[in-house]
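Engineer: The structure is given below, and queries will be raised subsequently.
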Amino acid sequence: MFGDLFWDVATSYFALGLDGLVFIVAFVIGHFPLLRYSAQLAPYVAVARLVSVLVAALLFFMIGFRVSDEREEAKSLRATIAAQQADLENSRKSRADEAARADAIAEGARAQYEADVDYIGQLEADDRCKFDPFGRVRDGAARGSTAASGSAARSAAGTR
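Numbered by the working numbering, the letters in the sequence shown go through residues 6 to 165 in order.
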């Protein structure tokens with residue numbers, strides 16, 4: 006946790022900018038030819054050269070660390086996106102399979118319904134069957150109707 010925080014702060018734009026500023030100042034003091042003859046800066050020229058080399062090495066390391074960290078994060082994000090795309094593709098395939106299955110079931114039900122309608126249409130009323138669950142509508146006589154025929158007329162006559 007603290008290691009990640011340290012590297013996040015150490016490789017931030019602000020920290021790299023400060024390191025770059027220190028490098029530029031140390032490089033100018035250490036390598037600019039006329040500053041060597043200045044009485045105030047002459048004692049610091051050798052130290053500034055050493056600091057500029059060390060800060061340059063530090064900058065190279067920090068920038069390299071940041072680039073590798075960003076590459077690793079990009080690789081992780083690409084893997085996450087690839088997994089999500091695979092999940093979406095599987096979901097699309099599943100929905101297509103489900104729709105095909107639903108269509109097949111609907112087609113089977115429609116075919117069964119048509120077969121049942123054809124079969125029922127071929128059936129004829131049989132007077133031997135005394136079961137009439139819908140109030141004697143089988144023969145065309147509805148309840149309360151004055152025209153009674155077929156099984157309704159016989160039941161009124163007491164032949165049941």
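Heads up, the beta-carbon is just placed ideally off N, CA and C, and yes, glycines get one too. Being a predicted model, the structure only gives us computed values, none of them experimental.
Touch check for the segment 29-48 and the segment 62-79: three-plus C-beta pairs under 8 angstroms?
Structural biologist: Contact fails: fewer than three Cβ-Cβ distances are below 8 angstroms.
Engineer: Rounded to whole angstroms, what's the CA-CA distance from A47 to R76? Just pull it up for me.
Structural biologist: By 1-based counting over the sequence shown, the position of residue 47 is 42. By 1-based counting over the sequence shown, the position of residue 76 is 71. The straight-line gap from Cα to Cα measures roughly 43 angstroms.
Engineer: Assuming D123 is part of the alpha helix (DSSP H), what are its boundary residues?
Structural biologist: Here residue 123 refers to the residue found at position 118 of the sequence shown. D123 -> alpha helix (DSSP H) spans 50-127.
Engineer: Span of the alpha helix (DSSP H) holding D132?
Structural biologist: Against the sequence shown, residue 132 aligns to sequence position 127. Counting along the chain, D132 falls outside any alpha helix (DSSP H), and DSSP gives it neither H nor E.
Engineer: Which one of V27, L26, A15 has the shortest CA to CA distance from V72?
Structural biologist: On the sequence shown, residue 72 is found 67 positions in, with the first residue counted as 1. Of V27, L26, A15, the residue nearest in Cα terms is A15.
Engineer: State the DSSP-derived secondary structure class of F11, mapped to helix, strand or coil.
Structural biologist: Here residue 11 refers to the residue found at position 6 of the sequence shown. Of the three classes helix, strand and coil, the one that applies to F11 here is helix, per DSSP.
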